[in-house]
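Worksheet for the structure shown next.
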Amino acid sequence: IRAIVESNSVRKDHIAEEILARVGEGVVGVYRLTMKSGSDNFRESSIQGVIQRLKARGAEVVIYEPALEADFFEGTRVLHSFEDFVDTSAIIVANRFSGELAAVRDKVFTRDLYFRD
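For the sequence shown, my numbering puts the final residue at 327, and the numbers step up evenly by one.
Below you can see the structure in the form of C-alpha coordinates.
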(Lines of atoms letter the chains of each structure in order from A and count residues from 1; the text may use other names and numbers.)
(Lines give C-alpha, C1' and ligand atoms only; values in the text may rest on other atoms or scores of the structure.)
Protein backbone atom coordinates (compact mmCIF):
# COMPACT_ATOMS: atom_id res chain seq x y z
CA ILE A 1 0.00 0.00 0.00
CA ARG A 2 2.88 2.33 0.79
CA ALA A 3 4.22 1.85 -2.76
CA ILE A 4 0.83 2.76 -4.22
CA VAL A 5 0.61 5.91 -2.12
CA GLU A 6 4.15 6.89 -3.13
CA SER A 7 3.42 6.16 -6.79
CA ASN A 8 0.30 8.34 -6.67
CA SER A 9 2.29 11.16 -5.11
CA VAL A 10 5.00 10.94 -7.77
CA ARG A 11 2.30 10.95 -10.46
CA LYS A 12 0.73 14.15 -9.04
CA ASP A 13 4.18 15.77 -8.94
CA HIS A 14 4.77 14.83 -12.58
CA ILE A 15 1.39 16.15 -13.73
CA ALA A 16 1.90 19.43 -11.85
CA GLU A 17 5.34 19.83 -13.49
CA GLU A 18 3.86 19.21 -16.96
CA ILE A 19 1.15 21.82 -16.36
CA LEU A 20 3.63 24.39 -15.07
CA ALA A 21 5.92 23.83 -18.06
CA ARG A 22 3.03 24.53 -20.42
CA VAL A 23 1.39 27.47 -18.67
CA GLY A 24 4.40 29.60 -17.79
CA GLU A 25 3.11 32.59 -15.82
CA GLY A 26 -0.57 32.20 -16.75
CA VAL A 27 -3.55 31.18 -14.65
CA VAL A 28 -4.25 27.46 -14.32
CA GLY A 29 -7.94 26.68 -14.58
CA VAL A 30 -9.21 23.42 -13.13
CA TYR A 31 -12.33 22.19 -14.90
CA ARG A 32 -14.39 20.19 -12.43
CA LEU A 33 -13.14 18.53 -9.28
CA THR A 34 -14.96 15.27 -9.82
CA MET A 35 -13.06 12.18 -10.88
CA LYS A 36 -15.76 10.69 -13.10
CA SER A 37 -18.32 12.29 -15.38
CA GLY A 38 -21.81 12.48 -13.91
CA SER A 39 -20.43 12.39 -10.36
CA ASP A 40 -20.69 15.10 -7.75
CA ASN A 41 -18.19 13.49 -5.37
CA PHE A 42 -14.89 15.34 -5.22
CA ARG A 43 -13.97 14.95 -1.55
CA GLU A 44 -10.96 12.73 -2.30
CA SER A 45 -10.28 13.56 -5.95
CA SER A 46 -6.64 13.43 -6.99
CA ILE A 47 -6.89 16.82 -8.71
CA GLN A 48 -6.85 18.38 -5.24
CA GLY A 49 -3.30 17.11 -4.74
CA VAL A 50 -2.30 18.56 -8.10
CA ILE A 51 -3.86 21.92 -7.14
CA GLN A 52 -1.86 21.94 -3.89
CA ARG A 53 1.36 21.26 -5.79
CA LEU A 54 0.65 23.98 -8.35
CA LYS A 55 -0.11 26.56 -5.67
CA ALA A 56 2.98 25.55 -3.66
CA ARG A 57 5.03 26.38 -6.78
CA GLY A 58 3.42 29.83 -7.00
CA ALA A 59 0.84 29.20 -9.71
CA GLU A 60 -2.47 31.04 -9.63
CA VAL A 61 -5.27 28.48 -9.80
CA VAL A 62 -9.01 28.92 -10.36
CA ILE A 63 -11.72 26.26 -10.34
CA TYR A 64 -14.87 25.82 -12.38
CA GLU A 65 -17.16 23.42 -10.54
CA PRO A 66 -20.92 23.91 -11.01
CA ALA A 67 -21.62 21.71 -7.97
CA LEU A 68 -20.01 24.32 -5.71
CA GLU A 69 -21.92 27.37 -4.56
CA ALA A 70 -19.07 28.84 -2.52
CA ASP A 71 -16.65 31.39 -3.97
CA PHE A 72 -13.63 29.48 -2.62
CA PHE A 73 -12.78 25.81 -2.23
CA GLU A 74 -9.86 24.93 0.04
CA GLY A 75 -8.50 28.46 -0.46
CA THR A 76 -8.81 28.39 -4.26
CA ARG A 77 -11.11 30.82 -6.08
CA VAL A 78 -14.18 29.26 -7.72
CA LEU A 79 -15.55 30.87 -10.88
CA HIS A 80 -19.24 30.26 -11.47
CA SER A 81 -19.39 31.38 -15.09
CA PHE A 82 -17.91 29.00 -17.65
CA GLU A 83 -17.15 31.96 -19.93
CA ASP A 84 -15.26 33.80 -17.16
CA PHE A 85 -13.40 30.59 -16.38
CA VAL A 86 -12.30 30.13 -20.01
CA ASP A 87 -11.30 33.81 -20.35
CA THR A 88 -9.30 33.75 -17.09
CA SER A 89 -7.48 30.45 -17.69
CA ALA A 90 -4.30 30.23 -19.76
CA ILE A 91 -4.53 26.44 -19.50
CA ILE A 92 -7.51 24.31 -18.52
CA VAL A 93 -6.81 21.12 -16.60
CA ALA A 94 -9.56 18.55 -17.07
CA ASN A 95 -9.57 15.14 -15.41
CA ARG A 96 -12.18 14.11 -17.98
CA PHE A 97 -12.74 15.83 -21.32
CA SER A 98 -16.23 17.21 -21.86
CA GLY A 99 -18.02 18.45 -24.94
CA GLU A 100 -18.30 21.78 -23.15
CA LEU A 101 -14.54 22.15 -23.65
CA ALA A 102 -14.54 21.40 -27.38
CA ALA A 103 -14.41 25.06 -28.44
CA VAL A 104 -11.29 25.64 -26.30
CA ARG A 105 -9.59 22.30 -26.95
CA ASP A 106 -6.28 24.07 -27.63
CA LYS A 107 -6.22 25.27 -23.97
CA VAL A 108 -7.07 21.88 -22.44
CA PHE A 109 -4.56 19.68 -20.62
CA THR A 110 -5.99 16.25 -19.90
CA ARG A 111 -4.79 12.71 -19.36
CA ASP A 112 -8.13 11.49 -20.78
CA LEU A 113 -6.52 10.03 -23.90
CA TYR A 114 -9.67 8.55 -25.38
CA PHE A 115 -12.04 11.35 -24.36
CA ARG A 116 -14.35 8.97 -22.58
CA ASP A 117 -15.00 8.06 -18.97
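Ideal placement from N, C-alpha and C gives every residue a C-beta, glycine not left out.
Alpha-carbon to alpha-carbon, residue j and residue i
i	j	result
valine 271	glycine 259	13 Å
isoleucine 286	aspartate 223	Note that residue 286 is threonine in the sequence shown, not isoleucine. The straight-line gap from Cα to Cα measures roughly 19 Å.
tyrosine 324	serine 308	Low confidence applies here, because tyrosine 324 scores a pLDDT of 44, under 50, leaving its location unreliable and the question unanswered by this model.
glutamate 235	alanine 269	7 Å
isoleucine 225	glutamate 275	20 Å
alanine 231	phenylalanine 319	12 Å
aspartate 316	isoleucine 302	9 Å
alanine 277	isoleucine 211	32 Å
alanine 312	isoleucine 214	33 Å
glycine 239	valine 220	21 Å
Whether residue i touches residue j by CB criterion (7 Å)
i	j	result
alanine 304	tyrosine 241	yes
valine 296	isoleucine 273	no
isoleucine 257	leucine 243	yes
Supposed close pair residue i, residue j - CB separation, criterion 8 Å
i	j	result
valine 237	threonine 298	5 Å
phenylalanine 282	glutamate 310	At roughly 23 Å, the Cβ-Cβ gap does not stay under 8 Å, so phenylalanine 282 and glutamate 310 are not in contact.
If you scan the segment 244 to 301 from start to end, which runs of the beta strand (DSSP E) of 3 or more residues do you find wholly inside it? Given a length threshold of 3 residues, each whole run of the beta strand (DSSP E) inside the segment 244 to 301 is given here in chain order: 271 to 274, 286 to 288.
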